[in-house]
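Here's what the structure looks like:
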């Protein structure tokens, strides 16, 4: 049964997609069968592995809404052992349409369970929000990795995300763990970057 890792932070521009793509690709190179799930309507993870989002007829949105089977929607990439569940702009509508659905937070979990045994790892690239689609990712995941950019407002919003994770652990997914906080865009030459690293380590210690 594959391990599911969500890459999440509601703050934009912190390196979530880059982290998700590189993690998926590295796991593939290490000969772990890996699925990259694009749950961001911007579909940057999809284009990042060589798939044109404008050519994606069925993707994460269609699978979540029950309009397509995940087995028929997953695409093979040119990276070894790496498949992708692509996204397109239709995913924007998922936030609204999920609201009235029964078990709305568990749709992605239910979908991924169908292919979980086919992979060693499933990596979910989350959107820069804490909406229902991201909530679905956290409910489906075994762990969450939080990219944090080494800049002035690095910790902004992190408390809200960690609080959301606690709520998910309590109400939806008790097995969810914080995999770690990943410091991104770290330039050792910059005093500010080093100060941010020190501050994050003071607050979160071994999670960094």
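Residue numbers (our numbering): -8 to 199.
Each residue gets a CB set at the ideal place from its N, CA and C atoms; glycine is no exception.
Own chain, CB closer than 7 angstroms to residue 9, minus 5 neighbours either side, in chain order
Residue 9 sits at position 18 when you count from the first residue of the chain shown. Closer than 7 angstroms at Cβ, skipping near neighbours: no residue.
Which residues bound the beta strand (DSSP E) around residue 134?
To locate residue 134, count along the chain shown from 1; it is residue 143. First-last of the beta strand (DSSP E) with residue 134: 134 to 140.
Residues near residue 72 by beta carbon distance below 7 angstroms, same chain, minus five either side
Sequence index remark: in the chain shown, residue 72 carries index 81 (1-based). 19, 22, 23, 24, 25.
Beta-carbon proximity check, residue 161 vs residue -1, cutoff 8 angstroms
Counting from one through the chain shown, the residue named residue 161 turns up at place 170. Counting from one through the chain shown, the residue named residue -1 turns up at place 8. No.
What distance in whole Å lies between the Cβ atoms of residue 51 and residue 30, which are believed to be in contact at a cut-off of 8 angstroms?
On the chain shown, residue 30 is found 39 positions in, with the first residue counted as 1. On the chain shown, residue 51 is found 60 positions in, with the first residue counted as 1. Contact holds; Cβ gap of about 6 angstroms.
Contact check, residue 169 vs residue 156, beta carbons under 8 angstroms
If you number the chain shown from 1, residue 169 lands on position 178. If you number the chain shown from 1, residue 156 lands on position 165. Taking 8 angstroms as the Cβ cut-off, residue 169 and residue 156 qualify as a contacting pair.
Are residue 102 and residue 123 close, meaning C-beta to C-beta below 8 angstroms?
One-based indexing of the chain shown puts residue 102 at position 111. One-based indexing of the chain shown puts residue 123 at position 132. No; because the gap between Cβ atoms is not below 8 angstroms, this pair is not in contact.
In three-state terms, what does DSSP make of residue -6?
Numbered from 1 along the chain shown, position 3 holds the residue referred to as residue -6. Strand, per DSSP.
Mind listing, in chain order, the continuous alpha helix (DSSP H) runs of no fewer than 4 residues lying wholly within the region 49 to 79?
51 to 55, 61 to 64
Taking the DSSP output, what are the residues bridged to residue 168?
As a working mapping, residue 168 is identified with position 177 in the chain shown. 134, per the DSSP bridge assignment.
From 40, 127, -6, residue whose alpha carbon lies closest to that of residue 249:
Because the chain here runs from -8 to 199, residue 249 falls outside it and cannot be looked at.
Please name the residue in 98, 119, 152 whose C-alpha comes closest to that of residue 130.
As a first step, residue 130 is located in the chain shown; it is residue number 139 there, counting from the start. Taking only the C-alpha atoms, the option nearest residue 130 is 98.
Under DSSP, the beta strand (DSSP E) around residue 27 begins and ends at which residues?
The sequence position of residue 27 within the chain shown is 36, counting from 1. Residue 27 -> beta strand (DSSP E) spans 25 to 29.
Relative to the alpha-carbon of residue 65, which residue among 86, 37, 82, 87 has its alpha-carbon at the smallest distance?
Locating residue 65 in the chain shown gives position 74, where the first residue counts as 1. When only C-alpha atoms are compared, the closest one is 37.
How big is the Cα-Cα spacing for residue 77 and residue 104?
Within the chain shown, the letter at position 86 stands for residue 77. Within the chain shown, the letter at position 113 stands for residue 104. Answer to the nearest angstrom: the Cα atoms are 17 angstroms apart.
What did DSSP end up calling residue 116 once you bin it into helix, strand or coil?
Here residue 116 is taken as the residue at index 125 of the chain shown, counted from 1. Three-state DSSP puts residue 116 in a strand.
Buried or exposed: which applies to residue 58, given that a residue is buried once 16 or more other Cβ atoms fall within 10 Å of its Cβ?
Walking along the chain shown from the start, residue 58 turns up at place 67. So residue 58 ends up on the exposed side.
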